[in-house]
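Undergrad: Per this note's numbering, the very first residue in the sequence shown carries number 13; after that it's consecutive.
We put the beta carbon where it would ideally sit given N, CA and C, even for glycine.
Nothing here was measured: the structure is a model prediction, and the numbers come from that model.
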Amino acid sequence: THIPDIREDASAPQGPFDYLGFILSGTVLASLILGLESISHAGMPRVVTALLLLMAVLAALLYWAHSRKHVSPVLDFGLMRIPTFRVAMLAGLLYRIAYGAYPFLLPLMLQLGFGLSAAQSGSITFVGAVGGLLMKAVSIRFLRAFGYRNILIWNGILSAGFLIACAAFRPDWPILIIYLLLLIGGLSRSLHFNAFGTLTYADIPGSRMSGATSLASTNQQMTSALGIAVAAMALEISMRTWGHDSLRLSDFSIAFVTVGLLCMFAVPLCLRLSPDAGAELSGHGKSTDETDSGSSKARI
Numbered sequence: 013t014h015i016p017d018i019r020e021d022a023s024a025p026q027g028p029f030d031y032l033g034f035i036l037s038g039t040v041l042a043s044l045i046l047g048l049e050s051i052s053h054a055g056m057p058r059v060v061t062a063l064l065l066l067m068a069v070l071a072a073l074l075y076w077a078h079s080r081k082h083v084s085p086v087l088d089f090g091l092m093r094i095p096t097f098r099v100a101m102l103a104g105l106l107y108r109i110a111y112g113a114y115p116f117l118l119p120l121m122l123q124l125g126f127g128l129s130a131a132q133s134g135s136i137t138f139v140g141a142v143g144g145l146l147m148k149a150v151s152i153r154f155l156r157a158f159g160y161r162n163i164l165i166w167n168g169i170l171s172a173g174f175l176i177a178c179a180a181f182r183p184d185w186p187i188l189i190i191y192l193l194l195l196i197g198g199l200s201r202s203l204h205f206n207a208f209g210t211l212t213y214a215d216i217p218g219s220r221m222s223g224a225t226s227l228a229s230t231n232q233q234m235t236s237a238l239g240i241a242v243a244a245m246a247l248e249i250s251m252r253t254w255g256h257d258s259l260r261l262s263d264f265s266i267a268f269v270t271v272g273l274l275c276m277f278a279v280p281l282c283l284r285l286s287p288d289a290g291a292e293l294s295g296h297g298k299s300t301d302e303t304d305s306g307s308s309k310a311r312i
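Printed below as a string of structure tokens:
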């Protein structure tokens, strides 16, 4: 009773599978991720990196031209005309890349920068996961009270601030302070992921739900890999700039500031949302009775 049984019209005509679009989009993703990762490998020839990134750009241009002509493109970018979907995808892209770097950077910093063991590192980082689990139970209450737009703006600033705060972590910090910051970061991160994840489908008609799911899923999977690639690139550039032979704590600080600023760039995109964006899902601005009786989607 909590998740509506939404089905597409099976009798509606379906276009042929977009094999060419599948190959082109796969080429874009593979070339982009490999190209960014190659920047962090000292032994990789720069010409290889340049060719991979150039291939990603060319394949993207070819896919864009192809998708405009195909009746059923594998990734339907026409959905980007829907304001809530567009903001959730573009702002979510930056946010997910930034936080895709977080689970890579933090344990590595604790082990290589602080000199902790893997077990000691895990005993610290798990606090963020606890915050995420706690927020899962109450995120709808925050969205109902403040609305998607306010959450994505103000909580986005908080999330970016948390990543930048991680740059200041040092071994002599009181462990309780680190625990508190990680708990707050976990709460903020989980609320933001829930907001982006649900806003994506707020205004998608049932007939286009499949296309929206494909595009959103690709976005999420891609950003996880891109986050690690961006973090590794930031560490490598910092090492080369300062002439370090191995990773130092200052390199991790620079990497955290980099992804924190990337996260902050998502906030201006959220300013474009209308104040009542996603109100049908969150129930923001409605009375409790109206929300409980009128919208089963708000319980997703």
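L199: which of G47, G168, M121 sits nearest, CA to CA?
TA: Translated into positions along the sequence shown, residue 199 becomes position 187. Closest by alpha carbon: G168.
Undergrad: Only counting runs of 4 or more residues, tell me where the alpha helix (DSSP H) segments fall wholly within the stretch 24-88, in order along the chain.
TA: You should have 31-51, 58-79.
Undergrad: By a C-beta neighbour count over all protein chains shown, 10 Å radius and 16 as the cutoff for buried, is R93 buried or exposed?
TA: Reading the sequence shown from its first residue, position 81 is the one you call residue 93. Looking at its Cβ environment, which holds fewer than 16 other Cβ atoms inside 10 Å, R93 is exposed.
Undergrad: Look at the Cβ atom of F193, then the Cβ atom of V271, and state whether they are nearer than 8 Å.
TA: Locating residue 193 in the sequence shown gives position 181, where the first residue counts as 1. Locating residue 271 in the sequence shown gives position 259, where the first residue counts as 1. The question names Phe, but residue 193 in the sequence shown is Leu. In this structure, V271 does not lie closer than 8 Å to L193 by Cβ.
Undergrad: Which stretch, first to last residue, makes up the alpha helix (DSSP H) that contains I190?
TA: As a first step, residue 190 must be located in the sequence shown, where it is residue number 178. It spans 187-211 - the alpha helix (DSSP H) in which I190 sits, taken as one unbroken run.
Undergrad: Using the C-alpha atoms, what's the distance from L106 back to P280?
TA: The count along the sequence shown starts at 1 and reaches residue 280 at position 268. The count along the sequence shown starts at 1 and reaches residue 106 at position 94. Near 11 Å, if we compare the C-alpha coordinates of L106 and P280.
Undergrad: Going by Cα to Cα distance, which pick from L36, W76, A207 is closest to W166?
TA: Here residue 166 is taken as the residue at index 154 of the sequence shown, counted from 1. If we check each option's Cα against that of W166, A207 comes out closest.
Undergrad: Which same chain residues end up closer than 6 Å to A228 when comparing Cβ atoms and leaving out the 5 residues on each side of it in sequence?
TA: Position 216 of the sequence shown, counted from the start, is the residue given in the question as residue 228. Closer than 6 Å at the Cβ level, and outside the excluded window around A228, lie T212.
Undergrad: For the alpha helix (DSSP H) containing F268, name the first residue and the last one.
TA: Translated into positions along the sequence shown, residue 268 becomes position 256. Where F268 is concerned, the enclosing alpha helix (DSSP H) stretches over 261-276.
Undergrad: With a 10 Å radius around its C-beta and 16 neighbouring C-beta atoms as the bar for buried, classify T300 as buried or exposed.
TA: In the sequence shown, the residue the question calls residue 300 occupies position 288. Annotation note: pLDDT 48 at T300 (below 50); position unreliable, no value reported.
Undergrad: Are three or more beta carbon pairs between the stretch 258-272 and the stretch 282-289 nearer than 8 Å?
TA: The answer is no - the stretch 282-289 does not touch the stretch 258-272, with fewer than three Cβ pairs under 8 Å.
Undergrad: Go ahead and label F138 buried or exposed: buried means 16 or more other beta carbons lie within 10 angstroms of its beta carbon, across all protein chains shown.
TA: Here residue 138 corresponds to residue number 126 of the sequence shown, with the count starting at 1. Result: exposed.
Undergrad: For P183, which option in D215, P95, L124 has the closest C-alpha, if you only look at C-alpha atoms?
TA: Along the sequence shown, one-based indexing puts residue 183 at 171. Checking every option, the nearest Cα to that of P183 belongs to L124.
Undergrad: Based on Cα-Cα distance, which residue from A246, Y31, L120 lies nearest to V83?
TA: Within the sequence shown, numbered from 1, the residue matching residue 83 stands at position 71. It is Y31.
Undergrad: Going by Cα to Cα distance, which pick from Q132, R58, S202 is closest to A141?
TA: Taking the first residue of the sequence shown as 1, we reach residue 141 at position 129. Closest option to A141, Cα to Cα, is S202.
Undergrad: Taking Cβ positions, are S79 and L73 nearer each other than 8 Å?
TA: Taking the sequence shown and counting its residues from 1, the one referred to as residue 79 is at position 67. Taking the sequence shown and counting its residues from 1, the one referred to as residue 73 is at position 61. No, the pair does not count as a contact, with Cβ atoms beyond the cut-off.
Undergrad: Determine the DSSP secondary structure at S286, reduced to helix, strand or coil.
TA: Along the sequence shown, read from residue 1 onward, the residue named residue 286 stands at position 274. In this structure, S286 counts as coil in the three-state DSSP scheme.
Undergrad: Just to confirm my understanding: we take P28, look at its own chain, exclude 5 residues before and 5 after, and list those with CB closer than 6 Å. What are they?
TA: For this step, residue 28 is matched to residue 16 along the sequence shown. Nothing listed; no residue qualifies.
Undergrad: From T210 to N162, what does the alpha carbon distance come to, in whole angstroms?
TA: By 1-based counting over the sequence shown, the position of residue 210 is 198. By 1-based counting over the sequence shown, the position of residue 162 is 150. The alpha-carbon atoms of T210 and N162 are separated by roughly 15 Å.
Undergrad: Compute the beta-carbon to beta-carbon distance between V242 and L48, rounded to the nearest angstrom, for a pair I have assumed lies under 8 Å.
TA: Here residue 242 corresponds to residue number 230 of the sequence shown, with the count starting at 1. Here residue 48 corresponds to residue number 36 of the sequence shown, with the count starting at 1. About 7 Å separates the two Cβ atoms, so the contact holds.
Undergrad: Should G112 go down as buried or exposed, given a rule of 16 or more other Cβ atoms within 10 Å for buried?
TA: Locating residue 112 in the sequence shown gives position 100, counting from the first residue. With 16 or more other Cβ atoms within 10 Å, it is buried.
Undergrad: Is the distance from the Cβ of I314 to the Cβ of G239 below 8 Å?
TA: Outside the displayed span of the chain (13 to 312) sits residue 314, for which this structure offers no information.
Undergrad: With L155 as the anchor, note down where its alpha helix (DSSP H) starts and where it stops.
TA: In the sequence shown, the residue the question calls residue 155 occupies position 143. Note, L155: alpha helix (DSSP H), 151-162.
Undergrad: Helix or strand or just coil, what does DSSP make of P183?
TA: On the sequence shown, position 171 is the one that residue 183 refers to. Reduced to three states, the DSSP call for P183 is coil.
Undergrad: What are the start and end residues of the alpha helix (DSSP H) that includes N167?
TA: To locate residue 167, count along the sequence shown from 1; it is residue 155. First-last for N167: undefined, no H or E at that position.
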